[in-house]
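Position one of the sequence shown corresponds to residue 2 (my numbering), numbered consecutively onward. We put the CB at the ideal spot given by N, CA and C, even for glycine. Bear in mind the structure is a predicted one, so any value in this text is a computation, not a measurement. These notes concern the structure reproduced below.
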Amino acid sequence: MVCPFCQAEETSVVDSRKNTEGTSIRRRRNCSSCKSRFTTYEKASIAQIVIKRNGNREEFNLEKLYQGVQNAFGGQELSEKKLKALVDTIYNDIQEQGNKVQSEFIGETALSHLKEVNQVAYVRFASVYKEFSDASDFEKEAAEFN
């Protein structure tokens with residue numbers, strides 16, 4: 002591992018711990034050149050393929066999911082920690098589908114979790130995911146909450 006401070010290639014692991022879910026490992030490292038300490042995270046990376054509505058395939062992009070969920074909340078108050086936890090929950094459900102997943106499943110999974118957390122974020126996400134074309138689409142979706 003390269004030191005982020007001096008770019009030296011000689012670093013050593015001082016401490017390793019699993020996260021609470023057991024899905025990643027946190028490692029404290031020490032640089033033998035500049036004596037700085039820093040933290041790295043190790044997580045298994047298994048390529049997951051998304052099958053789009055049009056039949057195209059692309060590699061799953063967690064950042065794209067994160068941005069979509071973040072945009073759904075718009076300017077509403079939501080801590081970074083809660084946003085990350087929500088995206089992680091959605092991602093865990095998606096991972097359970099195996100290495101090939103339909104884009105519809107990703108959208109529906111995100112919607113189901115957003116529905117539990119925030120109605121406005123749910124409708125905003127649905128408007129993009131379901132490609133709303135006019136105000137009546139918003140009314141139909143909002144009616145599900147009554």
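>> Going by C-alpha to C-alpha distance, which of 40, 23 and 125 sits closest to residue 2?
In response: Translated into positions along the sequence shown, residue 2 becomes position 1. Closest by alpha carbon: 40.
> How about residue 113: is its C-beta nearer than 8 Å to some C-beta of chain B?
Replying inline: In the structure shown, chain B cannot be found, because there is only a single protein chain.
> For residue 6, which residues from the same chain have a beta carbon less than 7 Å from its beta carbon, with the 5 sequence-adjacent residues on both sides left out?
Replying inline: For the purposes of this step, residue 6 is taken as the residue at position 5 of the sequence shown. The answer, listed in chain order, is 32, 35 and 37.
> What span of residues does the beta strand (DSSP E) with residue 28 cover, start to end?
Replying inline: Here the question's residue 28 lines up with position 27 in the sequence shown. Element bounds for residue 28: 25-32.
> CB residue 42 to CB residue 17, shorter than 8 Å?
Replying inline: Here the question's residue 42 lines up with position 41 in the sequence shown. Here the question's residue 17 lines up with position 16 in the sequence shown. Against a cut-off of 8 Å, the Cβ pair of residue 17 and residue 42 comes out as no contact.
> Under the DSSP definition of a beta bridge, which residues are partnered with residue 40?
Replying inline: What you label residue 40 is simply residue 39 of the sequence shown in a count that begins at 1. 29, per the DSSP bridge assignment.
>> Pull the bridge partners of residue 60 from the DSSP assignment, please.
In response: Within the sequence shown, residue 60 is the residue found at index 59, counting from 1. For residue 60, which the question treats as bridged, DSSP gives the partners 50.
> Across which residues does DSSP place residue 65 in a beta bridge pair?
Replying inline: Indexing the sequence shown from 1 puts residue 65 at position 64. Paired residues: none, contrary to the question.
>> Between which two residues does the beta strand (DSSP E) holding residue 137 run?
In response: To locate residue 137, count along the sequence shown from 1; it is residue 136. It is not in any beta strand (DSSP E) - residue 137 instead sits in the alpha helix (DSSP H) that spans 136-144.
>> Can you tell me where the beta strand (DSSP E) holding residue 12 begins and where it ends?
In response: Reading the sequence shown from its first residue, position 11 is the one you call residue 12. Where residue 12 is concerned, the enclosing beta strand (DSSP E) stretches over 12-19.
> Grouping DSSP H, G and I as helix and E and B as strand, with all else coil, what is residue 8?
Replying inline: Taking the sequence shown and counting its residues from 1, one reaches residue 8 at position 7. Coil at residue 8, not helix or strand.
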